[in-house]
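Inspection log for the structure reproduced underneath, given as structure tokens.
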Amino acid sequence: MAFDELGALQRMRQLKQQQASNGKKISLERKMDKLDALIIISMFVLIVPTWGIATFFLICFFLWRYQFSKKVYVADIATGEKFYVTRMDWKKYKKDKQKAKKQVRSIH
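Counting from 11, one number per residue, gives the positions in the sequence shown under the working numbering.
What follows is the structure in structure tokens.
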């Protein structure tokens, strides 16, 4: 019997969406925007003739994008809406989510 990986991933995605919509809390996940995808594709096109240059530009781009940019592209899991948030808001959201995960919950 074969394991259906795609079906399992779809069920996990649906479960996340249901939990986010039932909890009435915003649930975000980070996404790649179109510029990121364009840079990665162009790097793979340039990698054959110019390995060093393509790698250098890719490293510079990702350092700038993920370390120095002021906004983060995110998607709301419940609604599928995509938007930008500030980096400080994103860090605060991740920290609060980690705190909630680590809380000890008692079952009565």
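Using N, Cα and C, we set each Cβ at its ideal position, and we do this for glycine too. Note that this is a predicted model, so its numbers are computed, not measured.
Assigned secondary structure, residue i (DSSP; H/G/I helix, E/B strand, else coil)
i   : result
D86 : strand
L20 : With the sequence shown as reference, residue 20 is identified as Gln, and Leu is not the correct amino acid for it. Q20 falls in the helix class under three-state DSSP.
Spatial distance of residue i from residue j (CA atoms)
i    : j    : result
K105 : T65  : 32 Å
R97  : L45  : 18 Å
M11  : A18  : For M11, the predicted model reports a pLDDT of 46, less than 50, meaning its position is unreliable; a value from the coordinates is still stated below. Straight-line Cα distance between these residues: approximately 15 Å.
A88  : I69  : 33 Å
R21  : Q29  : 12 Å
K109 : L38  : 16 Å
V58  : S52  : 11 Å
K112 : K102 : 15 Å
Whole-angstrom C-beta distance between residue j and residue i, which should lie under 8 Å
i   : j    : result
L56 : I49  : Their Cβ separation, rounded to whole angstroms, is 10 Å, which puts L56 and I49 out of contact at 8 Å.
Y94 : K107 : Not quite, the Cβ-Cβ distance comes to about 19 Å (not below 8 Å), so this is no contact.
K26 : Y83  : The Cβ separation is near 18 Å, so there is no contact.
Bridge-paired residues (DSSP) for residue i
i    : result
K102 : Paired residues: none, contrary to the question.
V95  : V82
Inset, instruction - Would you mind listing the alpha helix (DSSP H) stretches within the stretch 22-86 that are 4+ residues and don't spill past its ends, in chain order? - result: Segments of the alpha helix (DSSP H) lying fully in the stretch 22-86: 44-56, 61-73.
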